[in-house]
Amino acid sequence: MDYQGMRTYRRFHQEPVPEAVLGEMMENVRIASCAKNDQPLIYTVVRSAEMVKAMQPLVKWAAALPKELGTPVEGEQPTAFVVIAKSERAVPLSDIDVGIAVNTLAATAWEHKVGSCIMASINAPKIQELLAIPEGYKVRLVLALGYPSHKSTVVELKDSLDYYLDEERNYYVPKRALEDIVTYK
Ligand SMILES: Cc1cc2nc3c(=O)[nH]c(=O)nc-3n(C[C@H](O)[C@H](O)[C@H](O)COP(=O)(O)O)c2cc1C
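Numbered per the UniProt record's numbering, the sequence shown spans residues 1 to 185.
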């Protein structure tokens with residue numbers, strides 16, 4: 001698994017994500033670990049042109065960047081989304097399930113070179129309405145998907161945790177050093 005390359009991508013080639021990849025993502029997330037094996041999550045795969053278009057204004061991109069740099073315009077936007085909704089009756093630990101689920105989806109996609117962006121800055125009520133997500137569930141996260149049209153590189157952390165771009169709008173993402181986050185005993 002290429003974890004160096006499994007970064008956040010925010011601009012995409014306008015090529016659909018194959019049905020087989022979406023299907024494998026759903027199968028892997030179906031059997032992912034979850035607290036008490038409670039399975040409180042449901043998924044909506046958004047891949048019709050009409051619904052994908054309707055989703056675009058309901059997600060917010062790259063809080064660390066000016067809109068004109070961080071937000072994909074027409075011709076760069078994701079070509080599919082997966083929306084994760086959680087039962088209102090789920091146990092408190094279940095937000096960890098949401099994290100495991102989204103990473104399972106992103107990792108499966110990346111095994112097929114499909115890039116993604118995990119999105120929490122979303123208009124959850126509007127997404128719920130658009131996709132007719134059943135009552136008793138609340139939208140928690142969105143995963144935007146597509147074949148990336150830019151690069152993203154992990155760099156050494158210097159002064160700031162903020163990610164930044166070069167003149168071609170490739171991303172650079174500072175990460176803390178191993179010695180600052182890991183202790184062996
Ligand atoms: C829980 C979570 C929520 C996020 N929400 C958004 C979002 O709403 N919009 C966005 O553009 N990126 C979002 N991101 C992407 C982060 O900005 C990105 O993961 C971070 O900058 C590090 O980059 P990397 O994923 O390439 O390591 C989110 C990531 C996570 C894990």
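Backbone N, C-alpha and C fix where the C-beta goes; we use that ideal spot for every residue, glycine too.
Does DSSP classify residue i as helix, strand or coil?
i           : result
residue 75  : coil
residue 106 : helix
residue 167 : coil
residue 55  : helix
residue 125 : helix
residue 70  : helix
residue 119 : strand
residue 100 : helix
Can you tell me whether residue i is buried or exposed? The criterion is at least 16 other CB atoms within 10 Å of its CB, across all chains shown.
i           : result
residue 119 : buried
residue 171 : buried
residue 183 : exposed
residue 148 : buried
residue 181 : exposed
residue 82  : buried
Taking the alpha carbon of residue i as the point to measure from, which residue in the options has its own alpha carbon closest?
i           : options               : result
residue 49  : 15, 63, 71 and 40     : 15
residue 99  : 140, 157, 110 and 185 : 140
residue 40  : 96, 71 and 178        : 96
residue 54  : 179, 157, 128 and 19  : 128
residue 73  : 84, 57, 64 and 83     : 57
residue 123 : 114, 110, 113 and 142 : 142
To the nearest whole angstrom, what separates the beta carbons of residue i and residue j, a pair I think is in contact under 8 Å?
i           : j           : result
residue 3   : residue 150 : Actually they are not in contact, since the Cβ atoms of residue 3 and residue 150 sit about 18 Å apart, beyond 8 Å.
residue 7   : residue 152 : 4 Å
residue 69  : residue 176 : About 24 Å separates the two Cβ atoms, so there is no contact after all.
residue 121 : residue 63  : 7 Å
For residue i and chain D, any beta-carbon pair shorter than 8 Å?
i           : result
residue 172 : The question asks about chain D, but that chain is absent: this structure has only one protein chain.
* Asked: Is there contact between the stretch 63-78 and the stretch 24-34, where contact requires at least three CB pairs shorter than 8 Å?
  -> Judged by Cβ distances under 8 Å, the stretch 63-78 makes no contact with the stretch 24-34, as fewer than three pairs qualify.
* If you pair each beta-carbon of the stretch 130-141 with each one of the stretch 80-96, do three or more pairs fall below 8 Å? -> Output reads yes: the stretch 80-96 touches the stretch 130-141.
* Asked: If we count Cβ pairs, one from each stretch, closer than 8 Å, do we get three or more for the stretch 121-135 versus the stretch 95-106?
  -> Counting Cβ pairs under 8 Å, fewer than three are found: no touch.
* **Three or more C-beta pairs below 8 Å linking the stretch 42-53 and the stretch 124-132** => Counting C-beta pairs closer than 8 Å gives three or more between the stretch 42-53 and the stretch 124-132, which meets the contact rule.
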